[in-house]
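Chemist: Numbering (our numbering), first residue to last: 839 to 967. Quick one: structure below, then a few questions.
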Amino acid sequence: MHARSRQIRALLVVAPEGGDADDLFRELRGRPDLQVLSAATAAAAAERLREAAVCLLIASPDVATSAVSELLASKERVRPELPVLVIRNRQAEEPEGWIGRGVGVLRCPLVAGALRRSVDVVLGLDLHG
């Protein structure tokens, strides 16, 4: 087994309290190779990004578009290389600028395993070349 495959990697999930994030992120929380950190607001997420060695930022569908934009601006200042997945409801719009900032957008409803596979793909990318 590779040393990299045993390494526990931290993800930061941004989801307001009281939303459906527990169900959505359950499969990620149960994985032994991932540590799932949480933040309820964009401001709290920005603080966590300064403190923790996070390899992926994920915004739940309950995060408002304006809060996602705020989150992306904070990420650009603190950790510009950090990949981001934003989960949006099917009809939700997103600003064109998100894609140019390295944001992957997943649409709800997610098929079984889609989030897990997307996380695996993003974490498997060598972004530092």
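Beta carbons: idealized from backbone N, C-alpha and C, even for Gly. Remember, it's a predicted structure, so these values are computed and weren't measured experimentally.
#1: In the DSSP assignment, what are the bridge partners of C946?
#2: With C-beta atoms as the reference, is V957 less than 8 Å away from L849?
#3: Determine which residues share a DSSP beta bridge with R847 and list them.
#4: I896 and V852 - do their beta-carbons sit closer together than 8 Å?
#5: May I ask you to report which of helix, strand or coil DSSP gives A911?
#6: Using alpha carbons as the reference points, say which of E919, G857 and R864 lies closest to A902.
#7: Between P899, S898 and S912, which lies nearest to L887 when the distance is taken from Cα to Cα?
#8: When the Cα atoms are used, what is the spatial distance from A878 to L910?
#9: Kindly give me the distance between the Cβ atoms of V924 and V949, rounded to whole angstroms, as I take these residues to be in contact under 8 Å.
Modeler: On the basis of the coordinates in this document:
#1: N927
#2: yes
#3: L872
#4: yes
#5: helix
#6: G857
#7: S912
#8: 15 Å
#9: Their Cβ separation, rounded to whole angstroms, is 17 Å, which puts V924 and V949 out of contact at 8 Å.
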